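Notes follow the structure.
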Amino acid sequence: MRIDGSLSISGGLIDVSATHDATITDTGSLVSHGGQVHVDASEHGTLLDSGDIDVSNSDPNGVGGTVHLLGGQVGLFGSARIDASGDSHGGEVLIGGDLHGDDLDIPHARRCAASR
Numbered sequence: 541m542r543i544d545g546s547l548s549i550s551g552g553l554i555d556v557s558a559t560h561d562a563t564i565t566d567t568g569s570l571v572s573h574g575g576q577v578h579v580d581a582s583e584h585g586t587l588l589d590s591g592d593i594d595v596s597n598s599d600p601n602g603v604g605g606t607v608h609l610l611g612g613q614v615g616l617f618g619s620a621r622i623d624a625s626g627d628s629h630g631g632e633v634l635i636g637g638d639l640h641g642d643d644l645d646i647p648h649a650r651r652c653a654a655s656r
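Heads up: the sequence shown runs through residues 541 to 656, numbered per my numbering.
In structure tokens, the structure reads:
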């Protein structure tokens with residue numbers, strides 16, 4: 541599955557999920573100001589992101605949104621950019637799972653990689 545265009549909504553949920561082992565390549569732009577972006581390539585799938593994901597919220601006292609990038613293998617490459625900033629405070633960004641695997645409801649990648 542390839543995301544190479546732009547998808548922009550106001551404060552809602554953008555959910556791209558594979559139900560079977562898949563490779564999801566994101567080179568496009570996913571924008572949901574103050575909302576959520578969830579991309580899941582499945583337990584044995586691969587997610588390769590070099591696009592722009594923006595869940596920032598510049599409203600007065602705004603809180604940044606949520607980004608979950610999940611899969612068996614997750615990689616951020618090239619010009620990948622994630623913005624979850626907020627006027628009041630930032631949001632949540634999970635790449636390949638939760639911190640130290642603490643949240644058992646969040647699947648965890650076997651491998652994560654980032655370039656730069």
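C-beta atoms are modelled at their ideal positions from N, C-alpha and C, and glycine is treated no differently.
Since the structure is predicted, the reported quantities are computational estimates derived from the model, not experimental observations.
Bridge partner(s) assigned by DSSP for A654:
The sequence position of residue 654 within the sequence shown is 114, counting from 1. Answer by DSSP bridge pairing, in chain order: L616.
My output table needs one value for H629: the three-state DSSP class, helix, strand or coil.
Here residue 629 is taken as the residue at index 89 of the sequence shown, counted from 1. Reduced to three states, the DSSP call for H629 is strand.
According to DSSP, is H640 part of a helix, a strand, or is it coil?
Residue mapping note: residue 640 aligns to position 100 of the sequence shown, counting from 1. Note: H640 maps to helix in three-state DSSP.
Coarse secondary structure for N597, derived from DSSP in three states:
Here residue 597 corresponds to residue number 57 of the sequence shown, with the count starting at 1. N597: strand per DSSP, three-state reduction.
Proximity winner among E632, D580, S598 and L570, relative to A558 (alpha-carbon distances)
What you label residue 558 is simply residue 18 of the sequence shown in a count that begins at 1. Nearest of E632, D580, S598 and L570 to A558, Cα basis: D580.
Hey, would you say I622 sits closer than 8 Å to I593, going by beta carbons?
Sequence index remark: in the sequence shown, residue 622 carries index 82 (1-based). Sequence index remark: in the sequence shown, residue 593 carries index 53 (1-based). In this structure, I593 lies closer than 8 Å to I622 by Cβ.
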